[in-house]
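Input: a single structure, listed below in structure tokens.
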Amino acid sequence: MKGKEIRTTTIPLVPRPPQSGECHFGLRNLQAIQGALLRGDEHVDILGWPCIPPPMWDHVERAEDTIGKEEVTPFTTIQNLNAPNHPWFSQDARNKIENKRWHGMKFKFIKVLARCGHGYVTLWDVVFDDKSVRRVVIKRAIDPLTNAFDPRKESEFHLRYDGAQHTTQVIDLHREAVVIHTRMIRSGTFTANAIRHGKQWNAEAEKCVVFEYMKFGDMVNIMQTVAARNAQIPDQVLWGIWECLVLGLATIAYTPSNSSSNSSFETWWKWAQSDKKEALTFLDRVEREWQIEHDVHLDLEVLNVLAGHDPATHPYQPIFKLHDLGAWSFKMNKAWESQDETQIWVMRGPVKLHGMAPEQFSKEWDKMSISMDKPSLRRFYGGEDLKRGNRVAGRFGMWTNIFLVARVMESIMTGVFSKFPYQAVAHDRTNKPTYGGMLQTPEYDHIDFELRETVRRCLYEKPKDRPSITQLLRNLLGRKEQGFNDRPEFVDKWWKALFEPQGPMPLPLETPPPASPVKQAVVDSVAKGGVAIASHMAQAAGNQGAPNQPPAPPYVLPHLRHIPFDQRRAQPNVKEPPAQPQAQRQVHWPRAQHQVQPQARQPQVQPGAQPYVPPHLRRGQHNVTPSALGEDLANISLKRATQISSTKVAPDISPKSAKSGRVSKKPQKTKKAGHKAPPRKHDAIAEYVEEALPDMPVAFRNLLTRSKYLESQLEKEGFPVYSFVN
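Under the UniProt record's numbering, the residues of the sequence shown are numbered 1 to 726, in order.
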């Protein structure tokens, strides 16, 4: 069943004009339909409508998805959420910021980071007059002429937690420029030429908010890196992330309080936690005396948890901060007394589907009527006393932030970006309904049990069952006291290994095609270095010879054989290699056959001696001596004819009776002392061929060897090879 096919029951409604602040039944029905689809319900009650109007589906998420079908989305499958490569964003940033002159600073545009709602985010380097550079992130309105993007609203809660370590900070660039000018005046470097004049920077007037730069990006980027490198997050690393998230929650809960004396909660906690007994005493005092502000941020999800570099406070790991505490943030201490019914129902609407709390999608909403008076609204939706009023629906408070941050931690532990539908399961120990069911499966048993237990309790459906901030801090103290198997330096090495650049991944090796028997024989001969080509060719063809016979001497081409210098001219009629003594083998050349004549005995392979390998099969052997190759091959060179004789040699006349033409040569000049004549062109070519020969394909090497052999035979008969060139 698709979402649009959900069954409905119409509850009669007496039509009347709504009073100021009352929730319209259309808004109530829209929220009821959305909540039912998120829970996987196939039925929903609606007020006044006989059916769901078709235009309503344009405002409902997951209307085309199958109701109740489990959908698990890991981080590896979500698309890149960066800003589109539309040139308008960069052009607007350059025209409105970079190309203008600002007093005391200069902006250098780097890139567009993302588009979010009614604004877009860009990365900048700000150069001050003392040449210092600060990297910042600027969030700017897409359409400054409208009020859809309110810089004051976007920065209000970040400034509320000014000075906190675990919430992203707003940067006042003009104030920093003034501080730098004051420092330059004191140091005597404040001159007219050193100051950049221009308009005073005012972020709110420019429809901008300037945030600190977080080096490692959001949690989605980190989790995709973890998945891409197939890394497993150790328990000590997970506890470090969880500690940052809990301190962020504590900052939101206590930093604005009058009890904190206008100082961040983390400042007090850093002083107290140095001694466990003192820390526990401090937490007891916080529970008794400090007031929780109950600031609620409904946009706390994995994309709004950023990681930065702060070695002064976090030497072994990145620092994780809560971000984007803007349009969907509420001061519930005041809202419980001032919110009207419409504002309460608007808070129910989803900000991001993967980051929602039961206070938004609970089925308890369907039992709530509309058009309530203010005392009824306070009784059902307001206050810290969770034993009164609704158990879940609309009970927004500090416990809502705890659930949303625990949902982020669950995603980090499981690698799951989102999971639908939202369905609670019984906690395996307390039997209370929790949305941390994935952490109860055996798949995640390798994760520290105490951490899994803590996160599952934070994901309880009912807010009254979730642990408080002080309980989470006590839990952190106890886990630190137990210690870990590895030293803190292990955490530092793990994060550095995760973020260090990686080389390109090698392509997977392809399985080579099966080689032919002859080709495989050649490869084997090169690898073993002791078997000649002809012997392998014969064996590959099936000619194995008589059994239990000594191996036949390897076949060696005649021009490769070691023949004494005084015996070379004594065998003028040798045109083909002789037969081998053990076995008569016919070697078929591509051209006409010649009669085999006796020749000098070939060298035998002695036991234990290094077998002979022809030079064209050798790899990288450039220091071969002429004695190893034979005198014939050592003296072969590539020659270039400078003049061809015009005398024709008749077939019936012996070569000696023909008058061969003389090749004109210039007399060699006397070499001057200290001057070395450059090598001749054909000698250079011959040297190059000799060096490149081992790296040539086998076919080319065989062809060149054959041509050298024919040339040597023609020279022995008195016929230079160039005499056949027309």
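We put the beta carbon where it would ideally sit given N, CA and C, even for glycine.
Since the model is a prediction, treat every value here as computed from it, not as a measurement.
Taking C-beta to C-beta, are residue i and residue j nearer than 9 Å?
{"i": "G35", "j": "K331", "result": "no"}
{"i": "residue 777", "j": "I171", "result": "Residue 777 is absent from the structure shown; the chain starts at 1 and stops at 726."}
{"i": "S90", "j": "K111", "result": "yes"}
{"i": "V126", "j": "M214", "result": "no"}
{"i": "H165", "j": "T313", "result": "Per the sequence shown, residue 165 should be read as Gln rather than His. A contact, by the Cβ cut-off of 9 Å."}
{"i": "R407", "j": "Y444", "result": "no"}
{"i": "H174", "j": "N202", "result": "yes"}
{"i": "S418", "j": "E71", "result": "yes"}
{"i": "F216", "j": "H309", "result": "yes"}
{"i": "R101", "j": "L353", "result": "no"}
{"i": "A335", "j": "M368", "result": "no"}
{"i": "D448", "j": "W239", "result": "yes"}
{"i": "L386", "j": "L298", "result": "no"}
{"i": "D65", "j": "F361", "result": "no"}
{"i": "Y422", "j": "G3", "result": "no"}
{"i": "Q471", "j": "R456", "result": "no"}
{"i": "R474", "j": "L451", "result": "no"}
{"i": "L47", "j": "I11", "result": "yes"}
{"i": "W495", "j": "Y316", "result": "yes"}
Quick one: residues in its chain with C-beta nearer than 7 Å to the C-beta of residue i, no 5 flanking neighbours on either side, listed in chain order?
{"i": "D486", "result": "Q236"}
{"i": "E204", "result": "P151 and R152"}
{"i": "residue 729", "result": "The chain is shown only over 1 to 726; residue 729 falls outside these bounds and no answer can be derived."}
{"i": "A141", "result": "H118, G119, F149 and K207"}
{"i": "L210", "result": "The residue asked about is misnamed: residue 210 is Val in this sequence, not Leu. Closer than 7 Å at the Cβ level, and outside the excluded window around V210, lie V136, I138, V170, I171, L173 and A203."}
{"i": "A279", "result": "A272, Q273 and L477"}
{"i": "H446", "result": "none"}
By a C-beta neighbour count over all protein chains shown, 10 Å radius and 16 as the cutoff for buried, is residue i buried or exposed?
{"i": "W399", "result": "buried"}
{"i": "P55", "result": "exposed"}
{"i": "D218", "result": "buried"}
{"i": "N401", "result": "buried"}
{"i": "residue 730", "result": "This structure leaves residue 730 out entirely; the chain is present only between 1 and 726."}
{"i": "Y688", "result": "exposed"}
{"i": "W88", "result": "exposed"}
{"i": "P15", "result": "exposed"}
{"i": "S20", "result": "exposed"}
{"i": "H427", "result": "buried"}
{"i": "T77", "result": "exposed"}
{"i": "K277", "result": "exposed"}
{"i": "H323", "result": "buried"}
{"i": "A231", "result": "exposed"}
{"i": "P572", "result": "Unreliable positioning characterises P572 in this predicted model, as indicated by a pLDDT of 41, which lies under 50. A coordinate reading is not provided."}
{"i": "C51", "result": "exposed"}
{"i": "L303", "result": "buried"}
So, for residue i: in the same chain, excluding its five sequence neighbours on each side, which residues have a beta-carbon less than 6 Å away from its beta-carbon?
{"i": "residue 749", "result": "Any answer about residue 749 is impossible in this case: the structure gives the chain only from 1 up to 726."}
{"i": "R395", "result": "E359 and P463"}
{"i": "R568", "result": "Low confidence applies here, because R568 scores a pLDDT of 43, under 50, leaving its location unreliable and the question unanswered by this model."}
{"i": "R350", "result": "It is Pro, not Arg, that sits at residue 350 in the sequence shown. If we look at P350 and ignore the five residues flanking it on each side, its Cβ neighbours are M356."}
{"i": "T414", "result": "M438"}
{"i": "residue 732", "result": "Since the first residue shown for the chain is 1 and the last is 726, residue 732 is missing from the structure and cannot be characterised."}
Near residue i, which residues of its chain fall below 8 Å by C-beta distance, leaving aside the five closest residues on each side in sequence?
{"i": "A592", "result": "Per-residue confidence for A592 stands at a pLDDT of 39, beneath the threshold of 50, marking its modelled position as unreliable; the derived number appears in the next sentence. Taken in chain order, the list of residues that qualify is empty."}
{"i": "F190", "result": "H181 and M184"}
{"i": "P256", "result": "R160, Y161, E293 and D295"}
{"i": "G389", "result": "R379, F380, Y381, G382, G383 and R395"}
DSSP puts residue i in a beta bridge; with which residues?
{"i": "P433", "result": "A426"}
{"i": "P74", "result": "V416"}
{"i": "G383", "result": "According to DSSP, which records beta bridges pairwise, G383 is partnered with nothing at all."}
{"i": "residue 735", "result": "Lying before the first or after the last residue shown, residue 735 is absent from the chain, which here runs from 1 to 726."}
{"i": "T66", "result": "K2"}
{"i": "H59", "result": "Paired residues: none, contrary to the question."}
{"i": "W102", "result": "M105 and K199"}
Just to confirm the assignment, what range does the alpha helix (DSSP H) spanning residue i have?
{"i": "W124", "result": "It is not in any alpha helix (DSSP H) - W124 instead sits in the beta strand (DSSP E) that spans G119 to F128."}
{"i": "G240", "result": "D235 to Y254"}
{"i": "V209", "result": "Not the alpha helix (DSSP H): V209 falls in the beta strand (DSSP E), residues C208 to E212."}
{"i": "I180", "result": "L173 to S187"}
{"i": "A335", "result": "M332 to S338"}
{"i": "I319", "result": "I319 -> not in any alpha helix (DSSP H); beta strand (DSSP E) instead, spanning I319 to L322."}
From which residue to which residue does the beta strand (DSSP E) around residue i run?
{"i": "A203", "result": "First-last for A203: undefined, no H or E at that position."}
{"i": "T9", "result": "R7 to I11"}
{"i": "H297", "result": "D295 to H297"}
{"i": "K367", "result": "Where K367 is concerned, there is no enclosing beta strand (DSSP E), given that its DSSP letter is neither H nor E."}
{"i": "D45", "result": "H43 to L47"}
Would you say the beta carbon of residue i comes nearer than 8 Å to a heavy atom of the ligand NAD?
{"i": "W57", "result": "What this structure holds is no ligand at all, so the ligand NAD is not there to describe."}
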